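Q: In mature numbering (1 follows the signal peptide of the UniProt record, and there is no 0), the protein residues as written are -23 to -1, 1 to 543.
What follows is a structure written as structure tokens; I'll ask about it next.
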Amino acid sequence: MNFRTCFASFLILLNVAAYSSEAIGDESVAERQNKSDLAQLVQESKPGVPYALDLSKAHHYRYVQNQLAKAGHTPASSPQLFQTLETLQTQHASSPPDQQAYSLLSETGMSPESINAIIELGRESTQNYNYTATLISSVPEGTIATALTLQLFDNTTKTAIGTHTTTTQYGAGQDAALGAAGSWQSVPTTTDEVLATGTVFIQPKTGSPVFLNVQNTALAIEVPQSPPVVSAPVQKPGRQVPYILTCLQRSPGNTADCDYGPYGGGSVVQFPMQGSVTYASAVPTTLNLSNASVNFIIWDDASGGGCTLGETSADMLSYFTTNGNTVSWNFANANFGQACFNALTRVDMSFMIAVQTATSGFDKVSAYVTTQGGSTPFDTTEIDYLEFAWGCLTPGTKVRMADGSLKRVEDIEVGDMVLSNQNKKPKKVTSTIPGYEEGVIYVVTDAKGNSVEMTAEHPVLSGKNSVLLARQLKVGTEIYNAEGQTKIVSIKNKNYSGKVWNLVLEGEDKNDHTSTGFYAENILVGDNSMQEYWGKYYRKDHDDILQRLPKEWHADYKNWKKETSN
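Take a look at the structure:
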């Protein structure tokens, strides 16, 4: 199978709402204006296709202001966000946004080069007329700031249905997901009576900021007879963790903690996807683009880019079979290509199959498998989130063994004893993890001339028994070498493409997460267990986020942090 790596550009979202002003009858002037603005946007854009808002147009500008207000942003609380809004308004007056850059969704399938918006909208129950919508925004390089909103509407009157939802991220934003729900008050007669609409603001790390709108109507009135049955991916029996672990590389015979793998392909993301769903009536004997569609993506919840299968819907449908009312799928080895997220971080998944049935007419009935909580019970099955393991020191890195000798990291075997931590006690290697890295690595040199190459997220033990990631180190930072405490005298970055390695040591202390270090080129670094813990810790750390943000965004972030902490 020939799948794919990372999302090409942006991924998108949904929402809309109303102000309050002087009332006319039961509806304010501002509310009527909001409905009118939304109706214009719906007419201008295509369902499911991101639409870049031209802020020089009055109804686009009002719409964005309304969305920012709904998300809790004001000029006082988010000064840089509103400064960006005003700057874009001026720029758009002479240079409108390029719609083609955001509207490349294929008319016939899910081309991997064109995916920049994921919107799922479906009906939960034929009795309760409940609708749910999900949106995903993704920027592979990450963002400085991302703001999303999502809401359902009566598509005729543009009256809001259900709860308005919103999320804002600073210093991450590669991927954000949001859900909203609402109930229709009468028996639906068409599939476009309920509208999901929303906005996304993206300030990428590089490139120009953009406000996008996206809208879609419900995919189907019917629901499956029961939620999908999933046989893979699932946890092995006896594992007491909240995630499914796939080991992309591991030393032979040391996969006890892995649910799947090793696959032997470096950090090429792979895992099986197998299951079935049964509908209330018969499905076509052969699935094709005229009677079915499929969408299968994964994304890093905290800090990585989204990934999607790199085949078209027609290609992916070749992995499906039908029998009466049942559709089955068997991706024996779903291959997403080179990882565009960090090892051992939470990775979420969304899998959707929509099929015409004997009673649905031209409409397609959708079913979902997802790692996202809060799913509907009628058409969706929730599974544990995913993690993927691979390595982090470059080949040739010499590791200090328990007997004082040196051994290249790629030559270390399970059962070898290495020198560990400041107390220099020996610890057993329980697993070796090779992988593949493409990007910037850090070359760190201490005052004694020891120099080690490592990836940005590799942990290094620092002064006062603390731990920093390689990307956080500075000249003058206190670290440890085999002789004791020392300081960093040089940090250089270099582009790298090739294998990397890491170790797992015995005796991890779940209380302090600093006990499984080892000496790489005589510098004390952390093993894979420490990398997993400290990587997650720092991605949520207030000071670390501030360091990653440009100064002009500090006030926005601090105000948002204060508001959300109350």
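Ideal placement from N, C-alpha and C gives every residue a C-beta, glycine not left out.
Keep in mind it's a predicted model, so treat the numbers as computed, not measured.
(1) Just the C-alpha distance for residue 525 and residue 517, rounded to the nearest angstrom, thanks.
(2) Among 522, 336 and 274, which residue has its Cα nearest to the Cα of residue 311?
(3) Could you round the C-beta distance between residue 210 and residue 62 to whole angstroms and report it? I think they count as a contact, below 8 Å.
(4) Would you kindly work out how many angstroms separate the C-alpha atoms of residue 145 and residue 190, rounded to a whole number?
(5) Would you mind reading off the limits of the alpha helix (DSSP H) that contains residue 43?
(6) Drop a sphere of 10 angstroms on the beta-carbon of residue 73, count the other beta-carbons inside from all chains shown, and report buried for 16 or more, exposed for fewer.
(7) Using the three-state DSSP reduction, which class does residue 137 fall into: helix, strand or coil?
(8) Considering Cα atoms alone, identify which of 65, 321 and 480 is closest to residue 387.
(9) If I'm right that residue 340 touches residue 348 with Cβ under 8 Å, what's the distance once you round it to whole angstroms?
(10) Is it the case that the Cβ atoms of residue 299 and residue 264 are separated by a distance below 9 Å?
(11) In chain order, what residues of the same chain have a beta carbon less than 6 Å from the beta carbon of residue 247, not counting five sequence neighbours either side?
(12) Would residue 401 be called buried (16 or more neighbouring beta carbons within 10 Å of its own) or exposed?
(13) Between the segment 254 to 264 and the segment 391 to 401, do at least 3 Cβ pairs fall closer than 8 Å?
(14) Are residue 494 and residue 502 close, meaning C-beta to C-beta below 9 Å?
(15) Once you ignore the five residues that flank residue 12 on each side, which residues in its own chain have a CB closer than 6 Å to its CB?
(16) Count the other CB atoms, across all protein chains shown, that sit within 10 Å of the CB of residue 383; report buried if there are 16 or more and exposed otherwise.
(17) Would DSSP call residue 59 helix, strand or coil?
(18) In chain order, what residues of the same chain have a beta carbon less than 7 Å from the beta carbon of residue 85, not counting five sequence neighbours either side?
(19) Are residue 468 and residue 432 touching if we call contact CB-CB under 9 Å?
(20) Can you round the beta-carbon distance between residue 530 and residue 220 to whole angstroms, since I take them to be within the 8 Å contact cut?
(21) Do you know how far the Cα of residue 337 is from the Cα of residue 532?
(22) Contact defined as beta carbons within less than 8 Å: I believe residue 250 pairs with residue 365. What is the distance between those atoms, to the nearest angstrom?
(23) I'd like the list of long-range same chain contacts for residue 126, defined as Cβ closer than 6 Å, with 5 residues on each side in sequence excluded.
(24) Whole angstroms is fine: what's the gap from residue 203's alpha carbon to residue 252's?
(25) Return the Cβ separation of residue 368 and residue 426 in integer angstroms, given the expectation that the two are a contact with Cβ distance under 8 Å.
(26) Looking only at its chain, what residues have a beta carbon closer than 6 Å to the beta carbon of residue 268, apart from the 5 residues adjacent to it on each side?
(27) Measuring alpha carbon to alpha carbon, tell me which residue in 471, 498 and 506 is nearest residue 484.
(28) Since residue 436 sits in a beta bridge, which residues does DSSP pair it with?
(29) Decide if residue 499 is buried, meaning its Cβ has at least 16 other Cβ atoms within 10 Å, or exposed.
(30) Might you give, ordered along the chain, the residues of its own chain that have their beta carbon closer than 7 Å to the beta carbon of residue 52, omitting 5 neighbours on each side?
(31) Alpha carbon to alpha carbon, how far is residue 470 from residue 245?
(32) From the DSSP output, which residues share a beta bridge with residue 257?
(33) In this structure, how does DSSP classify residue 413 when only helix, strand and coil are distinguished?
(34) The alpha helix (DSSP H) that contains residue 269, what's its start and end?
(35) Indicate whether residue 510 and residue 523 have their beta-carbon atoms separated by less than 9 Å.
(36) Can you give me the C-alpha to C-alpha distance between residue -7 and residue 138, rounded to a whole angstrom?
A: On the basis of the supplied data:
(1) Residue numbering aside, residue 525 sits at position 548 when the sequence shown is read from its first letter. Residue numbering aside, residue 517 sits at position 540 when the sequence shown is read from its first letter. Per the coordinates, the alpha-carbon of residue 525 lies some 12 Å from the alpha-carbon of residue 517.
(2) For the purposes of this step, residue 311 is identified with residue 334 of the sequence shown, where counting begins at 1. Answer by Cα proximity: 274.
(3) Taking the sequence shown and counting its residues from 1, the one referred to as residue 210 is at position 233. Taking the sequence shown and counting its residues from 1, the one referred to as residue 62 is at position 85. The pair is not a contact, with the Cβ atoms about 42 Å apart (cut-off 8 Å).
(4) Looking up residue 145 in the sequence shown gives position 168. Looking up residue 190 in the sequence shown gives position 213. In this model, residue 145 and residue 190 are separated by some 16 Å (Cα to Cα).
(5) Locating residue 43 in the sequence shown gives position 66, counting from the first residue. Its alpha helix (DSSP H) spans residues 35 to 47.
(6) The residue given as residue 73 occupies position 96 in the sequence shown. Exposed, because fewer than 16 other Cβ atoms sit within 10 Å of the Cβ of residue 73.
(7) Your numbering for residue 137 matches position 160 in the sequence shown. Under the three-state reduction of DSSP, residue 137 is assigned to strand.
(8) To locate residue 387, count along the sequence shown from 1; it is residue 410. Minimum Cα distance to residue 387 is reached at 480.
(9) For the purposes of this step, residue 340 is identified with residue 363 of the sequence shown, where counting begins at 1. For the purposes of this step, residue 348 is identified with residue 371 of the sequence shown, where counting begins at 1. Wrong, their Cβ atoms sit about 27 Å apart, outside the cutoff.
(10) Position 322 of the sequence shown holds residue 299. Position 287 of the sequence shown holds residue 264. Between residue 299 and residue 264, the C-beta gap is smaller than 9 Å, which places the two residues in contact.
(11) Looking up residue 247 in the sequence shown gives position 270. For residue 247, the CB contacts under 6 Å within the same chain, skipping 5 residues up- and downstream, are 240, 310 and 312 in chain order.
(12) Your numbering for residue 401 matches position 424 in the sequence shown. With fewer than 16 other Cβ atoms within 10 Å, it is exposed.
(13) The segment 254 to 264, when compared against the segment 391 to 401, does not touch it at the 8 Å Cβ threshold.
(14) Residue mapping note: residue 494 aligns to position 517 of the sequence shown, counting from 1. Residue mapping note: residue 502 aligns to position 525 of the sequence shown, counting from 1. Yes, the pair counts as a contact, with Cβ atoms nearer than the cut-off.
(15) Taking the sequence shown and counting its residues from 1, the one referred to as residue 12 is at position 35. Within the same chain, 135 come within 6 Å of residue 12 by CB-CB distance, once the 5 residues on both sides are set aside.
(16) Numbered from its first residue, the sequence shown carries residue 383 at position 406. Counting of Cβ neighbours within 10 angstroms places residue 383 among the exposed residues, the total staying below 16.
(17) Residue numbering aside, residue 59 sits at position 82 when the sequence shown is read from its first letter. It is helical.
(18) For the purposes of this step, residue 85 is identified with residue 108 of the sequence shown, where counting begins at 1. Confidence is the limiting factor: at residue 85 the pLDDT is only 37, short of 50, which leaves the residue's position unreliable, though a coordinate-based value still follows. The answer, listed in chain order, is 266.
(19) One-based indexing of the sequence shown puts residue 468 at position 491. One-based indexing of the sequence shown puts residue 432 at position 455. The Cβ atoms of residue 468 and residue 432 do not sit closer than 9 Å to each other.
(20) Here residue 530 refers to the residue found at position 553 when the sequence shown is read from its first residue. Here residue 220 refers to the residue found at position 243 when the sequence shown is read from its first residue. That belief does not hold up - the Cβ atoms of residue 530 and residue 220 are roughly 32 Å apart, past 8 Å.
(21) Along the sequence shown, one-based indexing puts residue 532 at 555. Along the sequence shown, one-based indexing puts residue 337 at 360. When rounded, the distance between both Cα atoms is 52 Å.
(22) Here residue 250 refers to the residue found at position 273 when the sequence shown is read from its first residue. Here residue 365 refers to the residue found at position 388 when the sequence shown is read from its first residue. Wrong, their Cβ atoms sit about 14 Å apart, outside the cutoff.
(23) Reading the sequence shown from its first residue, position 149 is the one you call residue 126. Closer than 6 Å at Cβ, skipping near neighbours: -9, 44, 47, 48, 143, 175 and 176.
(24) Start at 1 with the first residue of the sequence shown, and residue 203 comes out as number 226. Start at 1 with the first residue of the sequence shown, and residue 252 comes out as number 275. Residue 203 and residue 252: Cα-Cα distance of roughly 13 Å.
(25) If you number the sequence shown from 1, residue 368 lands on position 391. If you number the sequence shown from 1, residue 426 lands on position 449. Not really, about 25 Å apart at Cβ, beyond 8 Å.
(26) As a first step, residue 268 is located in the sequence shown; it is residue number 291 there, counting from the start. Around residue 268: 261 and 333.
(27) Here residue 484 refers to the residue found at position 507 of the sequence shown. Taking each of 471, 498 and 506 in turn and checking the Cα distance to residue 484, the smallest one comes out for 506.
(28) As a working note, residue 436 is residue 459 in the sequence shown. Paired residues: 446.
(29) Position 522 of the sequence shown, counting from 1, holds the residue named residue 499. Buried.
(30) Position 75 of the sequence shown, counting from 1, holds the residue named residue 52. The beta carbon of residue 52 sits closer than 7 Å to those of 59, all from its chain and outside the five residues before and after it, given in chain order.
(31) Along the sequence shown, one-based indexing puts residue 470 at 493. Along the sequence shown, one-based indexing puts residue 245 at 268. Straight-line spacing of the CA atoms in residue 470 and residue 245 works out to 24 Å.
(32) Here residue 257 is taken as the residue at index 280 of the sequence shown, counted from 1. In DSSP, residue 257 forms no bridge with anything.
(33) Numbered from its first residue, the sequence shown carries residue 413 at position 436. Here residue 413 sits in strand by DSSP.
(34) The residue you call residue 269 lines up with position 292 of the sequence shown. Careful: residue 269 lies outside any alpha helix (DSSP H), inside the beta strand (DSSP E) at 269 to 277.
(35) If you number the sequence shown from 1, residue 510 lands on position 533. If you number the sequence shown from 1, residue 523 lands on position 546. In this structure, residue 523 does not lie closer than 9 Å to residue 510 by Cβ.
(36) Within the sequence shown, residue -7 is the residue found at index 17, counting from 1. Within the sequence shown, residue 138 is the residue found at index 161, counting from 1. Annotation note: pLDDT 26 at residue -7 (below 50); position unreliable, no value reported.
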